[in-house]
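Asks: In our numbering, the protein residues as written are 3 to 450.
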Ligand code: NGQ
Ligand code: ZN
């Protein structure tokens, strides 16, 4: 059993919190309790967060796309660099890079990841003998590191709106409706050995998926999550309007049954009307503010969306830097920079911005990854994070000031439990050394 001096529960901070765990779930939460003999004692607990959007392999090129190109440098030129990088990766390489990304996610407080997985085929574009080969390697990386996995096999068929042919850099991603059915089945087999992995489907974007294909693949989600990139770049919005007269989010709201099981990733560029319709749909916005800043995407219309009751989760997307605290901080800072004011994430007077950011991401993240409940409560997965009470950044803090100091002042994580198992102690994942060594070998070979 675990005992914490204080813990963030669904109804707020409590003291003397005893957490009983059974078969990976929280069986009982007692408050104002004394520790019992044999209890493992810690100072501060918060729930683990969901990372709703990751392309794990991109961790291997973090920091390698930060030199100025010959001409205008933007998202589209970054994408060329990214395509050249992925061209060299074997399934084993993908596993080694994903394992490091997942170790880092756990060390920083993410306990489940939505892996938006599209690197399916060999470098010449031919499917592996098992069409789910690379998906199986993603599952192995999750198994080795212990992170919860929501695998989102990606359907990708075209290079732009209107069914434009894909370009050469996209050949490892491609499916047709039939082969995608096989890929989804193979992905289901690949995750079967994990204790609590689940499966969704991910039409990549309206650039990559034609309307008739979208209609055919959505039933494959079978009640699971549906994730899609939408309206990340202004050029994408313009191309969409040129193709069909509507904007990407607008088109989805009009033509797909966007609802609670959906996650629209980015949704950066929306009109007021799209923003309030999206909020009313009950779907989740998959916000990836660190990547969105890195790629020059734009700033999410948080004020209108949240005022309309919109839900959101956070994602590390390109994995250029992995940290839930940083994603939450960036969310708020982008608002401050563009609106020239402070404490803008909606909350009431006297309430903590960090707490508002965190609560929203906890609930929306769980929803986007198909988790019925989240947080430190009976029945939820025993996914817990303890903060390092000895970090000077937490000196004299209690309650929500702890969250604010974690998010804005960089307070450190001590331990992380996933399904009740302690995977991180003193800030280090138990497999860090082995995973980092294999990552180093892989990347040195890939970049040589
Ligand atoms: C991705 N990443 O799928 O990795 C994309 C780039 C695309 C972001 N959109 C490819 N951030 O969107 O065409
Ligand atoms: Zn993405």
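C-beta: ideal position from N, C-alpha, C; glycine also.
1) Starting from the Cα of residue 64, find the closest Cα among 50, 52, 55, 87 and give me that residue.
2) Taking the CB atoms as reference points, tell me whether residue 112 and residue 50 lie closer together than 8 Å.
3) Just checking my contact of residue 232 with residue 437 at CB under 8 Å: how many whole Å lie between their CB atoms?
4) Do residue 269 and residue 287 come within 8 Å of each other at the CB atom, strictly closer than that value?
5) Give the secondary structure of residue 46 by DSSP, where H, G and I count as helix, E and B as strand, and everything else as coil.
6) Just to confirm before moving on: does the CB-CB distance between residue 390 and residue 411 stay below 8 Å?
7) Starting from residue 53, follow its DSSP beta bridges and name the residues at the other end.
8) Looking only at its own chain, which residues have a Cβ that is under 8 Å from the Cβ of residue 239, when we skip the five neighbours before and after it?
9) Check whether the Cβ of residue 241 sits closer than 7 Å to any heavy atom of ligand 1, and report yes or no.
10) Where does residue 152 fall in DSSP's three states?
11) Counting only runs of 4+ residues fully inside the stretch 67-96, write out the alpha helix (DSSP H) ranges in chain order.
12) Quick check on the contact list: which residues have their beta carbon closer than 6 Å to a heavy atom of ligand 2?
13) State buried or exposed for residue 208, treating a residue as buried only when at least 16 other CB atoms are found within 10 Å of its CB.
14) Figure out for me which residue from 205, 298, 295, 289 has the closest Cα to the Cα of residue 254.
15) Go through the stretch 222-254 residue by residue and report every complete run of the beta strand (DSSP E) that reaches 3 residues or more, in order.
16) Report the rounded CA-to-CA distance for residue 14 versus residue 360, giving the unit in angstroms.
17) Less than 7 Å between the CB of residue 90 and some heavy atom of ligand 1, yes or no?
18) Would residue 291 be called buried (16 or more neighbouring beta carbons within 10 Å of its own) or exposed?
19) Kindly give me the distance between the Cβ atoms of residue 104 and residue 144, rounded to whole angstroms, as I take these residues to be in contact under 8 Å.
20) Can we count residue 66 as close to ligand 1, meaning its CB is less than 7 Å from some heavy atom?
21) Within 10 angstroms of the Cβ of residue 296, are there 16 or more other Cβ atoms? Answer buried if so, exposed if not.
22) Using only alpha-carbon positions, find the residue among 369, 353, 190, 99 that is nearest to residue 265.
23) Hey, residue 123 and residue 173: beta-carbon distance below 8 Å or not?
24) Out of 45, 304, 395, 67, which one is the CA nearest neighbour of residue 313?
25) Residue 90 to residue 444, Cα distance in whole Å?
26) Of all the options 59, 69, 3, which has the alpha carbon lying nearest to the alpha carbon of residue 44?
27) Which whole-angstrom value is the C-beta distance of residue 260 and residue 283, which I expect to be below 8 Å?
28) Span of the beta strand (DSSP E) holding residue 6?
29) Would you say the beta carbon of residue 271 comes nearer than 7 Å to a heavy atom of ligand 1?
30) Mapping DSSP to helix, strand and coil, what is residue 427?
31) Leaving out five residues on either side along the sequence, give the residues of the same chain with a beta carbon under 8 Å from the beta carbon of residue 236.
32) Got a sec, what are the start and stop residues for the beta strand (DSSP E) residue 304 sits in?
33) In angstroms, rounded to a whole number, what distance separates the CA positions of residue 289 and residue 61?
34) Would you kindly work out how many angstroms separate the C-alpha atoms of residue 347 and residue 110, rounded to a whole number?
35) Looking at C-alpha atoms only, which residue of 186, 241, 159 is the closest neighbour of residue 211?
36) Residue 219 by DSSP, collapsed to three states: which one?
Replies: Result, derived from the coordinates:
1) Translated into the one-based positions of the chain shown, residue 64 becomes position 62. Measuring from the Cα of residue 64, the nearest candidate turns out to be 87.
2) Looking up residue 112 in the chain shown gives position 110. Looking up residue 50 in the chain shown gives position 48. Going by C-beta atoms, residue 112 is nearer than 8 Å to residue 50.
3) Counting from 1 along the chain shown, the entry for residue 232 is found at position 230. Counting from 1 along the chain shown, the entry for residue 437 is found at position 435. About 33 Å; that fails the 8 Å criterion.
4) One-based indexing of the chain shown puts residue 287 at position 285. One-based indexing of the chain shown puts residue 269 at position 267. Closer than 8 Å, so yes.
5) In the chain shown, residue 46 corresponds to position 44, counting from 1. Three-state result, residue 46: strand.
6) Taking the first residue of the chain shown as position 1, residue 390 is located at position 388. Taking the first residue of the chain shown as position 1, residue 411 is located at position 409. Against a cut-off of 8 Å, the Cβ pair of residue 411 and residue 390 comes out as no contact.
7) Residue numbering aside, residue 53 sits at position 51 when the chain shown is read from its first letter. The partner list for residue 53 (beta bridge, DSSP) reads 115, 316.
8) Looking up residue 239 in the chain shown gives position 237. So the qualifying residues of the chain are 233, 249, 250, 271.
9) Translated into the one-based positions of the chain shown, residue 241 becomes position 239. Checking the Cβ of residue 241 against ligand 1 gives no.
10) For the purposes of this step, residue 152 is taken as the residue at position 150 of the chain shown. Residue 152 falls in the strand class under three-state DSSP.
11) 77-88
12) 55, 57, 118, 231, 267, 319
13) By 1-based counting over the chain shown, the position of residue 208 is 206. Buried, since its Cβ has 16 or more Cβ neighbours within 10 Å.
14) Start at 1 with the first residue of the chain shown, and residue 254 comes out as number 252. Of the candidates 205, 298, 295, 289, the one whose C-alpha sits nearest the C-alpha of residue 254 is 205.
15) 228-232
16) The residue you call residue 14 lines up with position 12 of the chain shown. The residue you call residue 360 lines up with position 358 of the chain shown. If I take the Cα positions, the gap works out to 12 Å.
17) The count along the chain shown starts at 1 and reaches residue 90 at position 88. Checking every heavy atom of ligand 1 against the Cβ of residue 90, none is found closer than 7 Å.
18) For this step, residue 291 is matched to residue 289 along the chain shown. Result: buried.
19) As a position in the chain shown, residue 104 is number 102, starting the count at 1. As a position in the chain shown, residue 144 is number 142, starting the count at 1. Contact flag correct, Cβ pair sits at about 6 Å.
20) Against the chain shown, residue 66 aligns to sequence position 64. Not under cutoff, so the answer is no.
21) Against the chain shown, residue 296 aligns to sequence position 294. It counts as buried.
22) What you label residue 265 is simply residue 263 of the chain shown in a count that begins at 1. Checked all of 369, 353, 190, 99; the closest Cα to residue 265 is 369.
23) Counted from its first residue, the chain shown places residue 123 at position 121. Counted from its first residue, the chain shown places residue 173 at position 171. Taking 8 Å as the Cβ cut-off, residue 123 and residue 173 qualify as a contacting pair.
24) As a working note, residue 313 is residue 311 in the chain shown. It is 304 whose Cα lies nearest to the Cα of residue 313.
25) Sequence index remark: in the chain shown, residue 90 carries index 88 (1-based). Sequence index remark: in the chain shown, residue 444 carries index 442 (1-based). Rounded to whole angstroms, residue 90 to residue 444 spans 11 Å at the Cα level.
26) Indexing the chain shown from 1 puts residue 44 at position 42. Checked all of 59, 69, 3; the closest Cα to residue 44 is 3.
27) Looking up residue 260 in the chain shown gives position 258. Looking up residue 283 in the chain shown gives position 281. The Cβ separation is near 5 Å, so the contact holds.
28) Within the chain shown, numbered from 1, the residue matching residue 6 stands at position 4. Segment 4-11, the beta strand (DSSP E) holding residue 6.
29) Here residue 271 is taken as the residue at index 269 of the chain shown, counted from 1. Residue 271 Cβ: outside cutoff for every heavy atom of ligand 1.
30) Along the chain shown, one-based indexing puts residue 427 at 425. In the structure shown, residue 427 sits in a strand (DSSP, three-state: E or B).
31) The residue labelled residue 236 in the question sits at position 234 within the chain shown. 271, 300.
32) Walking along the chain shown from the start, residue 304 turns up at place 302. No beta strand (DSSP E) holds residue 304; the alpha helix (DSSP H) holding it covers 304-309.
33) Counting from one through the chain shown, the residue named residue 289 turns up at place 287. Counting from one through the chain shown, the residue named residue 61 turns up at place 59. Those two C-alpha atoms are separated by around 18 Å.
34) As a position in the chain shown, residue 347 is number 345, starting the count at 1. As a position in the chain shown, residue 110 is number 108, starting the count at 1. So the two alpha carbons sit approximately 22 Å from each other.
35) Here residue 211 refers to the residue found at position 209 when the chain shown is read from its first residue. Checking every option, the nearest Cα to that of residue 211 belongs to 159.
36) Taking the chain shown and counting its residues from 1, the one referred to as residue 219 is at position 217. Of the three classes helix, strand and coil, the one that applies to residue 219 here is helix, per DSSP.
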